[in-house]
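Line by line, the protein sequences give chains V and D. Start counting the first sequence at 1; every next residue gets the next number (the working numbering). Start counting the second sequence at 336; every next residue gets the next number (the working numbering). Even glycine gets a Cβ: it sits at the ideal position worked out from N, Cα and C. The structure presented is a predicted model; accordingly, all values stated were derived computationally and were not measured.
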Amino acid sequence: MIENNTPATCENNLLVVENLSVIIRNSREKLIRNLHFSISQGEIFGLVGESGSGKSLTATVILGMISKSLEVTSGSVKLGQSEITSLSERELRNIRGKEIAYLSQNYQSFFTPFIKVGQQFIEIIRCHTDISRKEAKKVAIHWLNKVHLPAERVFNSFPDELSGGQLQRASIASAIMFQPRLIIADEPTTALDVLTGERILDLLSELKEELNCSILLISHDLKHIINRTQTVGVMYGGQIVEIGKTSAVLSNPIHPYTNLLLQSRLRLNKHIQHELPTMLGEPGSMAEEGCPFSKRCPSVMKSCSNIVPMSSLGSHHSAACHLMNAEREERYVTR
Amino acid sequence: MLHVNSISKTYHSKAALSDISLTVQPGESIGVIGESGSGKSTLGKIILGLEKPEQGDVHFRGSNLHTLKGQALKASRRHLQIVFQDPAGSLNPKLLVWKSVVEPLENFPDVIPSFLKEVRHDRKKMAEVLFQKVGLSSELLERYPHQLSGGQKQRIAVARGISLEPDLLVCDEPTSSLDVSVQAQVLNLLKKLQRDLNLSLLFISHDIAAVQFMCERIVVLKEGLAVDSFLTEDLFSESRHPYTRLLVEMSMEQEYK
């Protein structure tokens, strides 16, 4: 599923993104370049990267919700048999919320403030199905119970009467009501406490097993990616620079960006570090040509200004870096 | 240098802090960790003199912070500076960033920090020195906050925080809104400045890994109570409070092989 040449029709793949590029209409600036990845049935796929790397934009494209000022210039996004990029708005509406659910960081704005949570559930349910309000309430209560909330109370509450964790749970309930095949969780725990966040991720994993769906987990928190995902894509400057089985990428990171990202993260340690390894420059700075990380890369070489193809290292791990082909012994030194 | 003596504070008849005591020695770094609603930011505000405790008192440099008035209060504020979580919100959007950085020095014309001795007469030069101290290029002096990245803005907030050479710097979640690589840079910077200037640091955070990296001592707050207090090296000790152990467990990464 990782290599470039894997046929898109691979049976096990739920979502296949191929050669996707997105630009800003006016400036022709490239935001996503030749993105290529697939998510298989029942897995948690992590997209990790810093601000401006294109993680959330990728989610928006999968949902078919990109802003009018942007344009998909090439590529395809396939969910099962449907090609998302060529569907009409009406067809998309059937997929969004039903086939693909979306959870955002900003759970506060998920619900309208002046309408009770229960009413909003009923509205969502009746949007997608043709059942009575009474039936709809039963469905809502069922799913509120599923996310371990006091269902009746939450149903009759206004959003501001619930805590952050409860709101995020309620938004998960509404996201999974139609038993989607894919849940996109875009930084679902960033605005939550550590403990609450872990419980939300526990809940998502539990629901994933129960519904047998896949999860696209977008996060900048490497801890979640390490603990929760089976496959990971590392994004920088609108490209996936490294992708593979999470364990393979973590134990043997090839791309200097992946490596530096892993090294500069904070983690609880028996031995306290005196200084964290850092990388040069700002997350937003990316090279126009070739490898987007070349401006910040400590082991940059001439060939980095050329397009770097993905090459694979074993069947479950590939990266776009010339270092892979150059003498591997001459691995860069961290500053 | 800072003595917090069993302070309590309630908001809307709910206890935000109950009976908290804390001592910070010169040059020491103390971490306060807790979830939202644990009272950690309230504690920070009381130590800064922005809120009054209902019981207990805070002694800073030998005087009771909450009974000080006028000049005496101003004088103690010089030694008490803060870096907030949101660098965008803590800088005046209409002021060139170098002016924001030297603002405290204008409010305290008599203060001559050791690292600004030679340039105290020249505002722009002081800004240059301070920029250098926090690792910012002097090309950025003439920018407005919105023209800078989050990490650069946070460095500016740090530059302003140290501009008066304070005794105590309070950092309230200074890196929670930053990217991983930038967070590492800012934490390294804070640690270096703390050592170089012999600052005392009160580091408030929900991130136990950040606190472990930055601080010598840790206080754990839960629902307004200090449930645990220990030297950082004893973080993994068996005798830790169950709540601390839970936080540690939740913050650990799985081994990958």
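If we ignore side chains and look at the alpha-carbon of each, how far apart do P480 of chain D and R490 of chain D end up? To locate residue 480 of chain D, count along the second sequence from 1; it is residue 145. To locate residue 490 of chain D, count along the second sequence from 1; it is residue 155. Taking the straight line from one Cα to the other gives about 11 Å.
Quick one: residues in its chain with C-beta nearer than 6 Å to the C-beta of F419 of chain D, no 5 flanking neighbours on either side, listed in chain order? Indexing the second sequence from 1 puts residue 419 of chain D at position 84. Around F419 of chain D: S425, D507.
How close, in whole Å, do the beta carbons of L536 of chain D and I355 of chain D come, if the pair is a contact with beta carbons under 8 Å? The residue labelled residue 536 of chain D in the question sits at position 201 within the second sequence. The residue labelled residue 355 of chain D in the question sits at position 20 within the second sequence. About 18 Å separates the CB atoms of L536 of chain D and I355 of chain D; that is not less than 8 Å, and the two are not in contact.
Grouping DSSP H, G and I as helix and E and B as strand, with all else coil, what is M235 of chain V? Translated into positions along the first sequence, residue 235 of chain V becomes position 235. Note: M235 of chain V maps to strand in three-state DSSP.
Per-residue contacts from P283 of chain V into chain D (C-beta, under 7 Å): Your numbering for residue 283 of chain V matches position 283 in the first sequence. Within 7 Å Cβ-Cβ: D514, S516, V517.
When we look at the beta-carbon of G237 of chain V and count the other beta-carbons within 10 Å, is it buried (16 or more) or exposed? Stepping through the first sequence from its first residue, residue 237 of chain V is reached at position 237. Buried.
How would you label M330 of chain D, buried or exposed, when you count the other beta carbons within 10 angstroms and need 16 or more for buried? Nothing about residue 330 of chain D can be read from this structure; chain D reaches only from 336 to 592.
Which residues, in chain order, does the stretch 428 to 439 of chain D contribute to contact with chain V at a C-beta distance below 9 Å? Within the stretch 428 to 439 of chain D, not one residue has a Cβ closer than 9 Å to any Cβ of chain V.
Report yes or no: is there a C-beta of chain V within less than 8 Å of the C-beta of M587 of chain D? The residue you call residue 587 of chain D lines up with position 252 of the second sequence. By this cut-off, M587 of chain D is an interface position.
Roughly how many angstroms lie between the CA atoms of E91 of chain V and N156 of chain V, to the nearest whole one? Along the first sequence, one-based indexing puts residue 91 of chain V at 91. Along the first sequence, one-based indexing puts residue 156 of chain V at 156. In a straight line, the C-alpha of E91 of chain V is about 32 Å away from that of N156 of chain V.
Which of the three DSSP states, helix, strand or coil, is assigned to L216 of chain V? As a working note, residue 216 of chain V is residue 216 in the first sequence. L216 of chain V falls in the strand class under three-state DSSP.
Using the Cβ count rule (16 or more neighbours within 10 Å means buried), how would you classify G397 of chain D? For the purposes of this step, residue 397 of chain D is taken as residue 62 along the second sequence, with counting starting at 1. By the neighbour-count rule (16 or more Cβ atoms within 10 Å), G397 of chain D is not buried but exposed.
Can you name, in chain order, every residue of its own chain whose Cβ lies under 8 Å from the Cβ of R552 of chain D, other than the five neighbours on each side? Numbered from its first residue, the second sequence carries residue 552 of chain D at position 217. Closer than 8 Å at Cβ, skipping near neighbours: E363, S364, I365, G366, S564, F565, L566, T567.
On the DSSP letters alone, give me the boundaries of the beta strand (DSSP E) that I368 of chain D sits inside. Within the second sequence, residue 368 of chain D is the residue found at index 33, counting from 1. Element bounds for I368 of chain D: 364 to 368.
What separation, rounded to the nearest whole angstrom, lies between the Cα atoms of E50 of chain V and W433 of chain D? Start at 1 with the first residue of the first sequence, and residue 50 of chain V comes out as number 50. Start at 1 with the first residue of the second sequence, and residue 433 of chain D comes out as number 98. Their Cα atoms are separated by approximately 27 Å.
Any idea what DSSP makes of M1 of chain V, helix, strand or coil? As a working mapping, residue 1 of chain V is identified with position 1 in the first sequence. For M1 of chain V, the predicted structure reports a pLDDT of 45, less than 50, and the residue's modelled location is therefore unreliable. The matter cannot be settled from this model.
Partner residues on chain V for F571 of chain D, Cβ-Cβ distance less than 9 Å: The residue you call residue 571 of chain D lines up with position 236 of the second sequence. Simply L268, K270.
Compute the Euclidean distance between the alpha carbons of G559 of chain D and I368 of chain D, then round it to the nearest angstrom. Along the second sequence, one-based indexing puts residue 559 of chain D at 224. Along the second sequence, one-based indexing puts residue 368 of chain D at 33. Roughly 11 Å separates the two Cα atoms.
Who are the near neighbours of S303 of chain V in its chain, counting only those whose CB is closer than 7 Å to its CB and skipping five residues on each side? In the first sequence, the residue the question calls residue 303 of chain V occupies position 303. Within the same chain, Cβ atoms closer than 7 Å to the Cβ of S303 of chain V are found at H322, the five residues on either side in sequence being excluded.
With a threshold of 8 Å between beta carbons, is M279 of chain V in contact with chain D? In the first sequence, the residue the question calls residue 279 of chain V occupies position 279. So, interface residue.
D542 of chain D at chain V interface by Cβ criterion, 8 Å: Start at 1 with the first residue of the second sequence, and residue 542 of chain D comes out as number 207. It does: the Cβ of D542 of chain D has a partner Cβ on chain V nearer than 8 Å.
How big is the Cα-Cα spacing for Q487 of chain D and R96 of chain V? If you number the second sequence from 1, residue 487 of chain D lands on position 152. If you number the first sequence from 1, residue 96 of chain V lands on position 96. Approximately 38 Å between the Cα atoms of the pair.
Extract the residue ranges of the beta strand (DSSP E) inside the stretch 482 to 529 of chain D, only unbroken runs of 3 or more that lie entirely within it. 503 to 507
contact_flag[the stretch 55 to 65 of chain V, the stretch 206 to 222 of chain V] where n(CB pairs < 8 Å) is 3 or more: yes
Extract the residue ranges of the alpha helix (DSSP H) inside the stretch 16 to 67 of chain V, only unbroken runs of 4 or more that lie entirely within it. Runs found: 55 to 62.
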